Amino acid sequence: MEKHPGSLCRNPHTLSTWKGQELYFLRMQRNREKMEREKVERELNQGKKKLRVCVATCNRADYSKLAPIMFGIKSHPEEFELEVVVLGSHLIDDYGNTFRMIEQDNFDIGSKLHTIVRGEDEAAMVESVGLALVKLPDVLQRLQPDILVVHGDRFDALALATAAALMNIRILHLEGGEVSGTIDDSIRHAISKLAHYHACCTRMAEQHLIAMCEDHSRILLAGCPSYDKLLSSHHREDYMDIIRSWLGDKVQNNDYIVALQHPVTTDIQHSIKIYGLMLDALLSFNKR
Numbered sequence: 001m002e003k004h005p006g007s008l009c010r011n012p013h014t015l016s017t018w019k020g021q022e023l024y025f026l027r028m029q030r031n032r033e034k035m036e037r038e039k040v041e042r043e044l045n046q047g048k049k050k051l052r053v054c055v056a057t058c059n060r061a062d063y064s065k066l067a068p069i070m071f072g073i074k075s076h077p078e079e080f081e082l083e084v085v086v087l088g089s090h091l092i093d094d095y096g097n098t099f100r101m102i103e104q105d106n107f108d109i110g111s112k113l114h115t116i117v118r119g120e121d122e123a124a125m126v127e128s129v130g131l132a133l134v135k136l137p138d139v140l141q142r143l144q145p146d147i148l149v150v151h152g153d154r155f156d157a158l159a160l161a162t163a164a165a166l167m168n169i170r171i172l173h174l175e176g177g178e179v180s181g182t183i184d185d186s187i188r189h190a191i192s193k194l195a196h197y198h199a200c201c202t203r204m205a206e207q208h209l210i211a212m213c214e215d216h217s218r219i220l221l222a223g224c225p226s227y228d229k230l231l232s233s234h235h236r237e238d239y240m241d242i243i244r245s246w247l248g249d250k251v252q253n254n255d256y257i258v259a260l261q262h263p264v265t266t267d268i269q270h271s272i273k274i275y276g277l278m279l280d281a282l283l284s285f286n287k288r
């Protein structure tokens with residue numbers, strides 16, 4: 001007697017066997033698809049090149065702005081390769097050999113360039129720029145960065161941007177578009193015109209860059225990097241403990257004033273007058 005095809009479905013044993021086979025083949029298919037996806041991802045990752053980012057720092061002041069960015073780059077080793085170049089006053093004894101700050105933050109310094117020509121006049125700055133331009137091509141040729149990060153308006157940064165631009169290396173300029181009313185403006189704006197990408201602090205700076213005909217799509221309103229440093233400083237020790245670590249146990253809690261004078265380099269006589277006014281103001285507090 002011929003059995004009806006559907007009669008097999010009423011056999012619980014046969015039904016469970018078919019379901020088991022279906023689940024088995026379904027799992028096998030999913031495993032094959034997963035293996036194929038992983039293979040494709042491996043091939044893509046092998047073909048994906050890390051972005052080699054060269055961060056150049058010239059002094060303690062610009063390092064305080066660059067450090068948060070450097071930490072961010074270092075925290076993504078699968079995407080970025082960080083190269084650090086140190087030059088300028090970082091390497092001068094009189095300024096405290098501040099390159100040690102970078103080493104204390106566990107950054108590997110790829111190159112140290114002595115680029116400062118001693119002197120107290122404008123000619124020394126020009127000679128320093130020239131010396132940096134002589135030394136930088138070898139370093140940039142060796143590192144072959146995809147992008148160079150420079151900060152601010154120092155003459156050292158102008159040398160960096162000039163060398164990178166002439167060697168067809170992309171430049172990211174931090175804190176462009178600011179206006180201070182001194183020679184710094186000329187240097188800062190020159191670096192901005194040499195740069196390909198911009199990270200500025202304020203909307204006003206952003207508008208200045210746009211007015212300089214910089215591509216708006218390449219301008220990032222990022223704010224000041226020092227703010228990141230400030231946010232991460234909550235874990236620091238008490239400030240007196242930090243001072244004692246520098247000066248020893250003899251330091252005492254006394255009222256004091258820290259006075260900082262930024263000279264107007266385009267008008268020396270005016271700077272001397274301003275300095276005298278500041279001293280008069282300090283003396284009025286009877287602090288010597």
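Quick note on full-length UniProt numbering: the sequence shown kicks off at 1 and runs consecutively.
Just so it is clear, CB atoms sit at the ideal spot from N, CA and C, and this is done for glycine as well.
What you are looking at is a predicted structure, and each value in this text was computed from that prediction instead of being measured.
Are residue i and residue j closer than 8 Å when you measure CB to CB?
| i | j | result |
| --- | --- | --- |
| V53 | L66 | no |
| L166 | I147 | no |
| T115 | L131 | yes |
| I92 | L82 | no |
| D184 | D153 | yes |
| G88 | N59 | yes |
| I102 | V86 | yes |
| T182 | T265 | yes |
| A161 | L133 | no |
For residue i, name the three-state secondary structure that DSSP assigns.
| i | result |
| --- | --- |
| H114 | coil |
| V134 | helix |
| H216 | helix |
| V149 | strand |
| L260 | coil |
| residue 295 | Residue 295 is absent from the model: the chain starts at 1 and stops at 288. |
| F80 | strand |
| A164 | helix |
| V85 | strand |
| A222 | coil |
| V179 | coil |
| N286 | coil |
| I92 | coil |
| E38 | helix |
Assuming residue i is part of the alpha helix (DSSP H), what are its boundary residues?
| i | result |
| --- | --- |
| L107 | Per the sequence presented here, residue 107 reads as Phe, with Leu not at that position. From DSSP, F107 is part of no alpha helix (DSSP H); its letter is neither H nor E. |
| F71 | 60 to 74 |
| L209 | 203 to 211 |
| L282 | 268 to 283 |
Between which two residues does the beta strand (DSSP E) carrying residue i extend?
| i | result |
| --- | --- |
| I171 | 170 to 174 |
| Y197 | 197 to 200 |
| T57 | 51 to 57 |
Classify residue i as buried or exposed, calling it buried when 16 or more other Cβ atoms lie within 10 Å of its own Cβ.
| i | result |
| --- | --- |
| S7 | Below a pLDDT of 50, predicted positions are generally treated as unreliable, and S7, at 48, falls in that range; no measurement from the model is reported. |
| K3 | Any answer about K3 is weak, because its pLDDT of 49 lies below 50 and its placement is not dependable; what the coordinates show is given next. Label assigned to K3: exposed. |
| H90 | buried |
| P5 | Note that P5 scores 49 on pLDDT, short of 50, meaning its location in the model is unreliable; the coordinates nonetheless yield the value given after this. Answer is exposed; the Cβ neighbour count stays below 16. |
| residue 291 | Within the shown structure, residues of the chain are numbered from 1 to 288, placing residue 291 beyond reach of any answer. |
| M125 | buried |
| F25 | exposed |
| A281 | exposed |
| V258 | exposed |
| Y63 | buried |
| A157 | buried |
Contact defined as beta carbons within less than 8 Å: I believe residue i pairs with residue j. What is the distance between those atoms, to the nearest angstrom?
| i | j | result |
| --- | --- | --- |
| A199 | L174 | 5 Å |
| E206 | I219 | 6 Å |
| residue 332 | V179 | Absent from the model: residue 332. The displayed extent of the chain is 1 to 288, so no value can be given. |
| P137 | A159 | In fact, because the Cβ distance is near 11 Å, the residues do not count as touching under 8 Å. |
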